[in-house]
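Worksheet: one structure, shown below.
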């Protein structure tokens, strides 16, 4: 669904006909500069932990919608387990290459394929990555409403930092997957109190870690332990 700047997230959800409120999982980040072994391990996290949890708990999952990185992994995992949970991609119109070959982008080079196993897409106004961040956050907030919600940061770069700030500002609990690389590891370093961490990340950690809204989870922990840890965020369902 292509949205206009005049539409609100709640109007978009109503037009899509999505059932709300629902417990919600937001996946942010990427999978860049990971070794082949780490990529395989991360796909296993989606196959054995995140997608099964979404199916088990009836979660609505939101992410960036394009056929790359952790977004592709979530789509593949949903397909592999024959999942029925809603998987919603939120993509800037200027970055979306549509299945029929149409593009809302200014140039073909800037557009990306949509991940084929998602159930819904919101194509939001904007030409650049990051313009979708407030929509992603607001859509998740309206979908979850009074239900539990969690954001997971895996790997990631500059856009993921924008997403991270926005999700924390919205009051959503966030797990940072330490060991997954890039931004996630930088935030994890800041969370250990390492003064060599980037000042902006130290400030972010100091603001949100004491309240318990920002916590770590290890990329290398056993899958059953990871499953149980994430499940705890949804025990009030």
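Numbering (my numbering), first residue to last: 291 to 527. Glycine is no exception: its CB is placed at the ideal position from the N, C-alpha and C atoms.
Between residue 523 and residue 458, the gap from beta carbon to beta carbon reaches 8 Å or more.
In this structure, residue 368 sits near residue 341, with a CB-CB distance shorter than 8 Å.
Excluding sequence positions up to five before and after residue 313, its CB lies within less than 8 Å of the CB of 347, 348, 349, 350, 434, 437, 438, 439, 524, 527, all in the same chain and listed in chain order. Excluding five sequence positions before and after residue 476, the CB atoms of its chain that fall closer than 8 Å to its own CB belong to 487, 488, 491, given in chain order. Note that the C-beta distance between residue 413 and residue 293 is below 8 Å. DSSP places residue 293 outside both helix and strand once states are collapsed to three, so it counts as coil. The beta-carbon distance between residue 442 and residue 465, rounded to whole angstroms, is 5 Å. This is short enough to meet the 8 Å contact definition. Along the length of the stretch 413 to 450, whole beta strand (DSSP E) runs at least 3 residues long occupy 439 to 444, reported in chain order. Inter-residue distance for residue 448 and residue 372 is about 33 Å (C-alpha atoms, whole angstroms). Looking from the CA of residue 409, the closest CA among 520, 352, 421, 420 belongs to 352. For residue 381, the uninterrupted beta strand (DSSP E) run begins and ends at 377 to 382, by DSSP. Residues of the same chain with a CB within less than 8 Å of the CB of residue 404, apart from the 5 flanking positions on each side, are 355, 356, 357, 379, 381, 386, 387, 388, 389, 411 in chain order.
The criterion of a C-beta distance shorter than 8 Å is satisfied by residue 507 and residue 516. Annotation for residue 339: 513, 516, 517 place their beta carbon closer than 6 Å to its own, counting only its chain and skipping 5 residues before and after. Of the other Cβ atoms in all chains shown, fewer than 16 fall within 10 Å of the Cβ of residue 291; this residue is therefore exposed. In this chain, the beta strand (DSSP E) harbouring residue 467 covers 463 to 468. An exposed status is given to residue 301, since fewer than 16 other beta-carbon atoms sit within 10 Å of its beta-carbon. DSSP, read as helix, strand or coil, puts residue 387 in strand.
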